[in-house]
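Q: This structure is in structure tokens; I'll ask about it shortly.
In this note's numbering, the protein residues as written are 125 to 256.
Encoded structure:
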């Protein structure tokens, strides 16, 4: 139990880092659409990337017991790689969902979309198993 609470906190912080990366990506995409871009946009994007990286790398190093316990670090990195795969799959599923929405079709009409969401769930579960 005493290892579970720090691991949960670490996972929540990592998810915050992933959310920060996603929000930075969305912001950069929205900025590209503007005719007059704000002069602080590059700083906002850069700081979003730095905060996202901090929220991902910091908890990974902490959950691995610092830089001393490298075997547990490999397991955590494996879990993170599964989560990265889940993020890419989720981005693909979002593209499929938007295409289906434009065609006024339900999400369940595409086996590819359903399979992609199943892959996302499997990757998240695999990442959790790799860490614990």
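Even for Gly, the Cβ is constructed at its ideal location relative to N, Cα and C.
Does DSSP put residue 160 in a helix, a strand or coil?
A: Within the chain shown, the letter at position 36 stands for residue 160. Coil, per DSSP.
Q: Buried or exposed, going by whether 16 or more other CB atoms sit within 10 Å of the CB of residue 207?
A: To locate residue 207, count along the chain shown from 1; it is residue 83. Burial call: buried.
Q: With a cut-off of 8 Å on the beta carbons, I'd call residue 200 and residue 187 a contact; round off their distance for me.
A: In the chain shown, the residue the question calls residue 200 occupies position 76. In the chain shown, the residue the question calls residue 187 occupies position 63. Right, the Cβ-Cβ distance comes to about 6 Å (below 8 Å), so this counts as a contact.
Q: Closest by CA to residue 145, which one among 172, 229, 159, 213?
A: Along the chain shown, one-based indexing puts residue 145 at 21. Of 172, 229, 159, 213, the residue nearest in Cα terms is 172.
Q: Report yes or no: do the stretch 156–168 and the stretch 135–143 share at least 3 C-beta pairs separated by less than 8 Å?
A: no
Q: Consult DSSP for residue 229 and reduce its assignment to one of helix, strand or coil.
A: Residue mapping note: residue 229 aligns to position 105 of the chain shown, counting from 1. Coil, per DSSP.
Q: Taking just the CA atoms, how far does residue 128 sit from residue 152?
A: As a working mapping, residue 152 is identified with position 28 in the chain shown. As a working mapping, residue 128 is identified with position 4 in the chain shown. Within the model, the alpha-carbon separation for residue 152 versus residue 128 is close to 36 Å.
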